[in-house]
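K.L.:
Starting off with a structure, shown below.
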Amino acid sequence: MASTAKGKVCVTGASGFIASWLVKRLLESGYHVLGTVRDPGNQKKVGHLWDLEGAKERLQLVRADLLQEGSFDDAVMACEGVFHTASPIVTKSDSKACQTLEEMLNAAINGTLNVLRSCKKNPSLKRVVLTSSSSTVRIKDEADLPPNVLLDETSWSSIDYCESLQIWYAVAKILAEKAAWEFAKEHKIDLVTILPTFVIGPNLSPELGPTASDVLGLFQGL
Numbered sequence: 001m002a003s004t005a006k007g008k009v010c011v012t013g014a015s016g017f018i019a020s021w022l023v024k025r026l027l028e029s030g031y032h033v034l035g036t037v038r039d040p041g042n043q044k045k046v047g048h049l050w051d052l053e054g055a056k057e058r059l060q061l062v063r064a065d066l067l068q069e070g071s072f073d074d075a076v077m078a079c080e081g082v083f084h085t086a087s088p089i090v091t092k093s094d095s096k097a098c099q100t101l102e103e104m105l106n107a108a109i110n111g112t113l114n115v116l117r118s119c120k121k122n123p124s125l126k127r128v129v130l131t132s133s134s135s136t137v138r139i140k141d142e143a144d145l146p147p148n149v150l151l152d153e154t155s156w157s158s159i160d161y162c163e164s165l166q167i168w169y170a171v172a173k174i175l176a177e178k179a180a181w182e183f184a185k186e187h188k189i190d191l192v193t194i195l196p197t198f199v200i201g202p203n204l205s206p207e208l209g210p211t212a213s214d215v216l217g218l219f220q221g222l
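In the UniProt record's numbering, the protein residues as written are 1 to 222.
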């Protein structure tokens, strides 16, 4: 596919389902892509990215740790845009789901803020696109959410209601996104949030993503 060379962008958590498609589309559009992953040498996790068109010429993968402040400094520097898709939040399909609730919530918030702290140091930055979740706007008691109500940028799920139902994933996403908006406003970062719902579609990676793994688990009775 012919493409015109464009600027440099960063995609965090580049081996994930959404991020892999982002990398693919960005490369096809002519961007130079710097992707962050936990282990750039793990071919099982990142091999599919190197198979993408344009990867050999315009893709770079580097190691970064969401929970280590400053870990993303080099990754985002000189990038015009940052797509933050990485998340330390554990799903039930993760066999290593041993975090305490407090650890999970702090990881979600600090992981997002650590990326934004690095972005703040980049004078070339134009915009940050944060992958959040539809769970940040749609979970409320029915009495507080009438039928056909319009959800917009001012809408937030009820943290108290989520906690009462122990929907900790939603609580973590709400707190992380709110922290991101506060930080972006304070430091004048152009922030956009994307709120996916049920993420499905063709898998670029040979491994199943969290959503597909959870669905498979239902069929397997897990």
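Built from N, CA and C at the ideal position, the CB exists for glycine as well.
Assuming residue 70 and residue 118 are in contact, meaning their beta carbons sit under 8 Å apart, how far apart are those beta carbons, in whole angstroms?
P.N.:
Confirmed, about 7 Å.
K.L.:
Which partner residues of residue 83 appear in the DSSP bridge assignment?
P.N.:
Its beta-bridge partners are 11, 129.
K.L.:
Taking the alpha-carbon of residue 34 as reference, which of 200, 101, 63 has the nearest alpha-carbon?
P.N.:
Per the Cα distances, 63.
K.L.:
With residue 35 as the anchor, note down where its beta strand (DSSP E) starts and where it stops.
P.N.:
Run containing residue 35: 32-37, per the beta strand (DSSP E) assignment.
K.L.:
Using the Cα positions of residue 20 and residue 153, report the straight-line distance between them to the nearest angstrom.
P.N.:
Going from the Cα of residue 20 to the Cα of residue 153 covers about 27 Å.
K.L.:
Alpha carbon to alpha carbon, how far is residue 176 from residue 139? Give it in angstroms, no decimals.
P.N.:
Distance between the alpha carbons of residue 139 and residue 176 is about 16 Å.
K.L.:
Once the 5 residues before and after residue 95 are set aside, which same chain residues still bring their CB inside 7 Å of it?
P.N.:
Any reading at residue 95 must be qualified, since the residue scores a pLDDT of 40, below 50, and its modelled position is unreliable; no value is offered.
K.L.:
Mind checking whether residue 128 and residue 179 have CB atoms under 9 Å apart?
P.N.:
No; because the gap between Cβ atoms is not below 9 Å, this pair is not in contact.
K.L.:
In or out: residue 6 buried (at least 16 other Cβ within 10 Å) or exposed?
P.N.:
By the neighbour-count rule (16 or more Cβ atoms within 10 Å), residue 6 is not buried but exposed.
K.L.:
Across which residues does DSSP place residue 43 in a beta bridge pair?
P.N.:
In the DSSP output, where bridge partners are listed per residue, residue 43 has none listed.
K.L.:
What residue range does the alpha helix (DSSP H) around residue 76 cover?
P.N.:
Its alpha helix (DSSP H) spans residues 73-76.
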